[in-house]
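First residue of the sequence shown? That's 46 in my numbering, and the numbers climb one at a time after it. Here is the structure we will look at, set down as structure tokens.
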Amino acid sequence: MPNFAGIWKMKRSENFDELLKALGVNAMLRKVAVAAASNPHVEIRQDGEKFYIKTSTSVRTTEINFHIGEEFDEETVDGRKCKSLATWETDNKIRCHQTLVDGDGPKTYWTRELNGDELILTFGADDVVCTRIYVRE
């Protein structure tokens, strides 16, 4: 089983602003979000298929606890409440499908994949994909 546990530092990010546009976030909030999310601090704890992920930026901190294969509550990147279900897509990759609790919006998901010493995080909103590459501290 892959070991996602650790403190992760972002090395590179692609398409974050485009993702926020696809989610309908206005230009001023996007500017703030992109600046705040340029240096996130990510802590992952793992016990088998049980995960705790804390992501901290200068503006916002999010925490999720989940078990692979069990539905859980979380928020989309733009803060809307959703029901989520994480499953193993491959031996090293978790895919999480998100379903909005209220209202309509793009279909959203995230993935986390270990690739050597890197953690590859993707966020998707319909056909727009944001990729963020992290390395362990």
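All C-beta atoms in this analysis are idealised placements derived from N, C-alpha and C, irrespective of residue type, glycine included.
Whether residue i touches residue j by CB criterion (8 Å)
i	j	result
Asn60	Thr176	yes
Leu137	Leu159	The question names Leu, yet the displayed sequence has Asn at residue 137. Closer than 8 Å, so yes.
Met46	Tyr179	no
Arg105	Tyr97	no
Anticipated Cβ contact below 8 Å, residue i with residue j, distance rounded
i	j	result
Ile52	Glu163	That belief does not hold up - the Cβ atoms of Ile52 and Glu163 are roughly 14 Å apart, past 8 Å.
Glu88	Lys95	About 15 Å; that fails the 8 Å criterion.
Pro15	Ala170	Shown here, the chain extends from 46 to 182; a query on residue 15 therefore has no answer.
Val70	Ala78	7 Å
C-alpha distance - residue i paired with residue j, whole-angstrom precision
i	j	result
Ala50	Gly124	25 Å
Pro85	Glu63	18 Å
Ile113	Gln143	14 Å
Ala67	Lys76	14 Å
Glu120	Gly93	23 Å
Nearest to residue i (by Cα), restricted to the options the options
i	options	result
Ser129	Ala72, Glu108, Val122, Cys141	Cys141
Cys127	Gly148, Ile113, Leu65	Gly148
Val122	Thr135, Ala82, Arg57	Ala82
Tyr154	Phe168, Val146, Trp133	Phe168
Residue-chain proximity (residue i, chain C), Cβ-Cβ < 8 Å
i	result
Tyr154	Among the protein chains of the structure shown there is no chain C, as only one such chain exists.
Opposing strand residues paired with residue i [DSSP bridges]
i	result
Ile98	Ile89, Ile109
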